[in-house]
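Encoded as structure tokens, the structure appears first; notes follow it.
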Amino acid sequence: MTPLPRLAPRTLRGRLSLVALTGAALLITVLTLAFNAVARQHLQRQADDELRTRAAAVATTVDTSGPAVRIHEGAHDDLLDSNVWIYDGSRPIESPPNATTDSPVSRAARALVTGAGHSCAALGGPRPVRLCAFPLPGRAGGVTIATALDLTPYRSSADTLLFGSLALDAVMLTCTYVLTRLAVGRALRPVGAMTDQATQWGAVAADERFGAPQLPAELARLGTSLDALLDRIRALLRHERQLTAELSHELRTPLSRIIAELDWYQARPRTPADTRATHTVISQAAASMRTICDTLLCAARDSVPTAPGTTVALPILRRAAARSNAPGHLRLTVTTQDPHLEAGVSAALLERIVSPLLANALRYAATAVTLHAARDGAVVRIEVTDDGPGVPPEFLSHLFTPGHRATPDDGHDGAGLGLPLARRLALSAGGEVRHDRPHHPGARFVISLPAA
């Protein structure tokens, strides 16, 4: 079965113009009908007034003071006698010269005079006629004057008014439709501009805004809502890029260990013990990668805080130091105030917080790196100290900004993600990572975490 075509316009301008045209057509139709009804009533009252005036003029020629009704003839009686009937009771006294007794108008006049009904009546036909009967006071039998009036001029005037109003209605509806389309098109011009802007911004990924002070209030509110939506989308995209970069950054070290171990394994024949050792290293690196993924994905949920946990700090610090692959010329020391010091975070999260700071310290240290854990009230402080060149003063404001490095061309690999990642993970656990500016020479970063 073939579906019926859509009759409604496809564009918003066309639909609004159609709605305006429909509303205007209904209103104009009601006004036209009311106007023509009032005009016809007015013309009918004019016809009745003309009949009443003519009857009053004829009444001045009728004498009812004597025993018989007498009619005084004047010089212009032909005009007064035209379409006038005078009855004494039911007996006709005078009729129009050109009217026969059996003519429709005469019968209608006789019925109007002798009947006990309305005082006026209309006679239809090719030439409609209006008749009215006016009784004269002062005589027992009653003298009645009936007058008739041709309604053709009045009907012609009414028809002229009707056709004129219909023509005016057509002009008004046409103007309404054209002006509505022009007005709606002009009002929707900013929407078209916003659509073009959205298309261009999607192509170039520009950080532009929809809201503008020169827009109308409704479009300004729409622009503000779209800007808020764009901000959320851009935040999600930044969050996704940050998570991808952090995963790449953290997975690079265990993945490098796996690749190096496989290359070493394939370079020469291996004993069963060497094979077991290689499997152990690969298994540990794979487990580390899984832990890294779980930790970062859990911390990436902004609305869900990191699950609490309890772990002894010293074994985690030693494990992080063992996995750091420190260069041979550096002395890496792990110390603690209390071997049983416990932090209120999980072991995996603690290692992920410490590892970027330790890797950064090993990258820039000259001779030594120190990891020290101590308790300060309800807080566990872990200090990562190196004797390198320290942080340049001009870079301190960008120290924890993702993607920023103090000296990108210093020969060290890195994407500037380690310090921001460590701080974000610490914040997710209710802690903090800060740079100890007074410390010199070298650099010291202090991790503050809730104590167990």
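Letter by letter, the sequence shown follows residues 171 to 622 of my numbering.
For each residue, glycine too, the CB sits at the ideal point set by N, CA and C.
Source: prediction; values computed, not measured.
On the CB-based measure, 16 or more other CB atoms within 10 Å of its CB, does residue i come out buried or exposed?
{"i": "Pro-360", "result": "buried"}
{"i": "Cys-345", "result": "exposed"}
{"i": "Thr-476", "result": "Its pLDDT being 48, under 50, Thr-476 is placed unreliably by the model, and nothing is read from it."}
{"i": "Ala-457", "result": "exposed"}
{"i": "Asp-233", "result": "exposed"}
{"i": "Ala-204", "result": "exposed"}
{"i": "Ser-432", "result": "The amino acid at residue 432 is misidentified as Ser; the sequence shows Leu. Per the 10 Å Cβ criterion, exposed."}
{"i": "Ser-567", "result": "exposed"}
{"i": "Trp-434", "result": "exposed"}
{"i": "Gly-612", "result": "buried"}
{"i": "Val-348", "result": "exposed"}
{"i": "Leu-282", "result": "buried"}
{"i": "Leu-619", "result": "buried"}
{"i": "Leu-399", "result": "exposed"}
{"i": "Leu-487", "result": "buried"}
{"i": "Leu-597", "result": "exposed"}
Could you please give me the residues that DSSP links to residue i through a beta bridge?
{"i": "Ser-618", "result": "Arg-551 and Glu-602"}
{"i": "Tyr-257", "result": "Pro-262 and Thr-314"}
{"i": "Leu-301", "result": "Ala-291 and Ala-318"}
{"i": "Thr-481", "result": "Ala-513"}
{"i": "Ala-613", "result": "Asp-556"}
{"i": "Arg-240", "result": "Asp-233"}
{"i": "Leu-306", "result": "Val-313"}
So, for residue i: in the same chain, excluding its five sequence neighbours on each side, which residues have a beta-carbon less than 6 Å away from its beta-carbon?
{"i": "Arg-593", "result": "Phe-570 and Val-603"}
{"i": "Arg-210", "result": "Ala-328"}
{"i": "His-542", "result": "Thr-505 and Glu-553"}
{"i": "Leu-502", "result": "Ala-491, Ala-496 and Val-539"}
{"i": "Cys-290", "result": "Cys-302"}
{"i": "Thr-555", "result": "Thr-540 and Arg-614"}
{"i": "Leu-332", "result": "Asn-206"}
{"i": "Ile-256", "result": "Ile-263, Glu-264 and Ile-315"}
{"i": "Thr-284", "result": "Ser-260"}
{"i": "Asn-623", "result": "With the chain represented from 171 up to 622, any question about residue 623 goes unanswered, as that position is not in the structure."}
{"i": "Leu-221", "result": "Cys-302, Thr-317 and Leu-319"}
{"i": "Leu-544", "result": "Sequence check: residue 544 is Ala here, not Leu. Closer than 6 Å at Cβ, skipping near neighbours: Gln-507 and Arg-551."}
{"i": "Ala-548", "result": "Ala-621"}
{"i": "Phe-304", "result": "Ala-225 and Ile-315"}
{"i": "Val-515", "result": "Gly-479, Ala-599 and Leu-619"}
If you follow the beta strand (DSSP E) that residue i is in, where does it begin and where does it stop?
{"i": "His-542", "result": "538-546"}
{"i": "Leu-502", "result": "501-506"}
Check the C-beta distance from residue i over to residue j and give it rounded, since I have them as a contact under 8 Å.
{"i": "Ala-217", "j": "Arg-280", "result": "The Cβ separation is near 21 Å, so there is no contact."}
{"i": "Val-550", "j": "Ala-513", "result": "4 Å"}
{"i": "Leu-293", "j": "Pro-266", "result": "Actually they are not in contact, since the Cβ atoms of Leu-293 and Pro-266 sit about 14 Å apart, beyond 8 Å."}
{"i": "Leu-182", "j": "Leu-358", "result": "7 Å"}
{"i": "Thr-350", "j": "Ala-190", "result": "4 Å"}
{"i": "Leu-213", "j": "Tyr-324", "result": "4 Å"}
Could you pull the start and end residues of the alpha helix (DSSP H) that residue i belongs to?
{"i": "Gly-184", "result": "182-229"}
{"i": "Ser-276", "result": "274-284"}
Could you name the residues of the same chain whose beta carbon sits closer than 7 Å to that of residue i, not counting the 5 residues immediately before and after it, in chain order?
{"i": "Ala-536", "result": "Asp-557 and Gly-558"}
{"i": "Val-616", "result": "Arg-551, Glu-553, Arg-604 and Asp-606"}
{"i": "Ile-452", "result": "Ile-428 and Glu-431"}
{"i": "Ser-335", "result": "Thr-202, Phe-205 and Asn-206"}
{"i": "Ala-269", "result": "Val-275 and Ser-276"}
Counting only the same chain and skipping the five closest in sequence on each side, list residues whose C-beta sits under 8 Å from that of residue i.
{"i": "His-610", "result": "Gly-560"}
{"i": "Arg-116", "result": "With the chain covering only 171 through 622, there is no way to say anything about residue 116."}
{"i": "Leu-425", "result": "Ala-455 and Met-459"}
{"i": "Gly-355", "result": "Arg-183"}
{"i": "Leu-306", "result": "Ala-229, Val-232, Thr-234, Gly-312, Val-313, Thr-314 and Ile-315"}
Between residue i and chain B, is any beta-carbon pair separated by less than 8 Å?
{"i": "Ala-621", "result": "Of the protein chains in the structure, only one exists, and it is not chain B."}
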